[in-house]
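Novice:
In full-length UniProt numbering, the protein residues as written are 1 to 279.
1. Under the three-state reduction of DSSP, which class applies to residue 143: helix, strand or coil?
2. Hey, is residue 175 close to the ligand NAP, as in C-beta under 8 angstroms from one of its heavy atoms?
3. Look at residue 150 and residue 245 and say whether their C-beta atoms are less than 9 angstroms apart.
4. Between residue 242 and residue 211, what straight-line distance do the alpha-carbon atoms span, to the nearest angstrom?
5. Counting only the same chain and skipping the five closest in sequence on each side, list residues whose C-beta sits under 8 angstroms from that of residue 135.
6. With C-beta atoms as the reference, is residue 207 less than 9 angstroms away from residue 247?
7. With residue 173 as the anchor, note down where its alpha helix (DSSP H) starts and where it stops.
8. Quick one: Cα of residue 205 to Cα of residue 223, how far?
9. For the alpha helix (DSSP H) containing residue 215, list its first residue and its last residue.
10. Going by DSSP, what residue range makes up the alpha helix (DSSP H) through residue 234?
11. Would you say residue 141 faces chain C, with C-beta separation under 9 angstroms as the test?
12. Would you kindly work out how many angstroms separate the C-alpha atoms of residue 167 and residue 160, rounded to a whole number?
13. Distance check for residue 152 and residue 145, CA to CA, integer angstroms please.
14. At the level of alpha carbons, what is the spacing between residue 252 and residue 260?
15. Using 9 angstroms as the threshold, is the C-beta distance between residue 185 and residue 195 below it?
16. Hey, residue 164 and residue 190 are a contact pair by Cβ (cut 8 angstroms); roughly how many whole angstroms apart?
17. In angstroms with no decimal places, state the Cα-to-Cα distance between residue 272 and residue 258.
18. Assign residue 245 to one of three DSSP states: helix, strand, or coil.
19. Which residue's Cα is closest to the Cα of residue 214: 202, 197, 233?
20. Which of the three DSSP states, helix, strand or coil, is assigned to residue 165?
21. Just how far apart, CA to CA, sit residue 202 and residue 148?
As structure tokens, then:
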């Protein structure tokens with residue numbers, strides 16, 4: 001066997017192998033990996049024809065085919081997912097209402113028919129008028145039943161009476177008034193005035209209901225039994241007259257005198273205006 005001469009420019013260092021392990025060229029490391037030793041490369045040592053390399057290449061091909069199939073499946077699944085999302089977003093019918101998220105703020109507050117002008121949702125309402133209205137008295141939920149509300153909240157009259165007594169006792173106590181400032185005293189007086197006016201308005205409303213019920217009972221007792229099922233209503237003018245009579249009867253002597261003085265002054269003022277107009 002002739003030795004192969006090394007070329008002069010071959011400066012690469014080749015790995016050293018133990019002679020005892022790699023005696024045969026067709027066995028071991030050289031056979032599997034096609035190592036080109038100093039004895040040259042045989043046909044059995046060619047990596048392309050080697051069984052190990054064939055197995056390795058077949059594995060690579062199988063892996064690449066699996067990756068290609070996965071990529072194809074992903075590409076095919078992506079448009080299906082996109083189609084599903086698009087179909088869900090689309091409206092079922094062109095006449096159906098538009099679906100919008102509740103998280104986004106509304107750009108324009110639309111006027112709802114049925115709401116009054118004094119509600120906070122209407123454009124005509126001012127900035128400070130009825131910003132926080134009571135739902136029980138909202139016209140959207142129907143007309144409120146004041147009689148039922150009055151019966152439910154009748155216990156507030158006792159609280160109102162106690163508050164009026166406390167305020168009156170504070171304003172009568174001179175020692176306390178010296179300690180308080182003018183603003184605080186004025187606030188107490190204003191609170192007392194508001195509570196009294198509220199009490200009077202509640203009494204007047206109760207009196208209206210009482211007069212109306214009494215009138216209905218009288219009419220039903222006087223008419224024939226066949227017509228008892230029909231309802232009878234008072235005119236507002238007659239209702240006011242009956243209210244004035246009831247109020248006058250329930251007043252004290254001092255209250256009656258004050259009322260008569262007011263009416264007398266009012267009549268005098270009206271007469272003077274007429275005389276000025278004639279002159």
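Beta carbons: idealized from backbone N, C-alpha and C, even for Gly.
Specialist: Inspection of the coordinates gives the following:
1. The residue you call residue 143 lines up with position 143 of the chain shown. In the structure shown, residue 143 sits in coil (DSSP, three-state: anything other than H, G, I, E or B).
2. Ligands in the displayed structure: none, and consequently the ligand NAP is not present.
3. In the chain shown, counting from the first residue as 1, residue 150 sits at position 150. In the chain shown, counting from the first residue as 1, residue 245 sits at position 245. Taking 9 angstroms as the Cβ cut-off, residue 150 and residue 245 do not qualify as a contacting pair.
4. Taking the first residue of the chain shown as 1, we reach residue 242 at position 242. Taking the first residue of the chain shown as 1, we reach residue 211 at position 211. Those two C-alpha atoms are separated by around 7 angstroms.
5. For the purposes of this step, residue 135 is identified with residue 135 of the chain shown, where counting begins at 1. Correct list, in chain order: 141.
6. The residue given as residue 207 occupies position 207 in the chain shown. The residue given as residue 247 occupies position 247 in the chain shown. Yes. Within cutoff.
7. Numbered from its first residue, the chain shown carries residue 173 at position 173. Note, residue 173: premise wrong, no alpha helix (DSSP H); not H, not E.
8. Here residue 205 refers to the residue found at position 205 of the chain shown. Here residue 223 refers to the residue found at position 223 of the chain shown. Residue 205 and residue 223: Cα-Cα distance of roughly 28 angstroms.
9. For the purposes of this step, residue 215 is taken as residue 215 along the chain shown, with counting starting at 1. Segment 182-222, the alpha helix (DSSP H) holding residue 215.
10. Taking the first residue of the chain shown as 1, we reach residue 234 at position 234. Where residue 234 is concerned, there is no enclosing alpha helix (DSSP H), given that its DSSP letter is neither H nor E.
11. In the structure shown, chain C cannot be found, because there is only a single protein chain.
12. Against the chain shown, residue 167 aligns to sequence position 167. Against the chain shown, residue 160 aligns to sequence position 160. Their Cα atoms are separated by approximately 11 angstroms.
13. Translated into positions along the chain shown, residue 145 becomes position 145. Translated into positions along the chain shown, residue 152 becomes position 152. Between residue 145 and residue 152, the C-alpha separation is close to 11 angstroms.
14. Position 252 of the chain shown holds residue 252. Position 260 of the chain shown holds residue 260. Roughly 12 angstroms separates the two Cα atoms.
15. Position 185 of the chain shown holds residue 185. Position 195 of the chain shown holds residue 195. In this structure, residue 195 does not lie closer than 9 angstroms to residue 185 by Cβ.
16. Here residue 164 is taken as the residue at index 164 of the chain shown, counted from 1. Here residue 190 is taken as the residue at index 190 of the chain shown, counted from 1. Not really, about 13 angstroms apart at Cβ, beyond 8 angstroms.
17. Here the question's residue 272 lines up with position 272 in the chain shown. Here the question's residue 258 lines up with position 258 in the chain shown. Residue 272 and residue 258: Cα-Cα distance of roughly 21 angstroms.
18. Walking along the chain shown from the start, residue 245 turns up at place 245. Here residue 245 sits in helix by DSSP.
19. As a first step, residue 214 must be located in the chain shown, where it is residue number 214. Residue 233 is the option with its Cα nearest to residue 214.
20. Position 165 of the chain shown holds residue 165. Of the three classes helix, strand and coil, the one that applies to residue 165 here is helix, per DSSP.
21. Taking the chain shown and counting its residues from 1, one reaches residue 202 at position 202. Taking the chain shown and counting its residues from 1, one reaches residue 148 at position 148. Approximately 14 angstroms between the Cα atoms of the pair.
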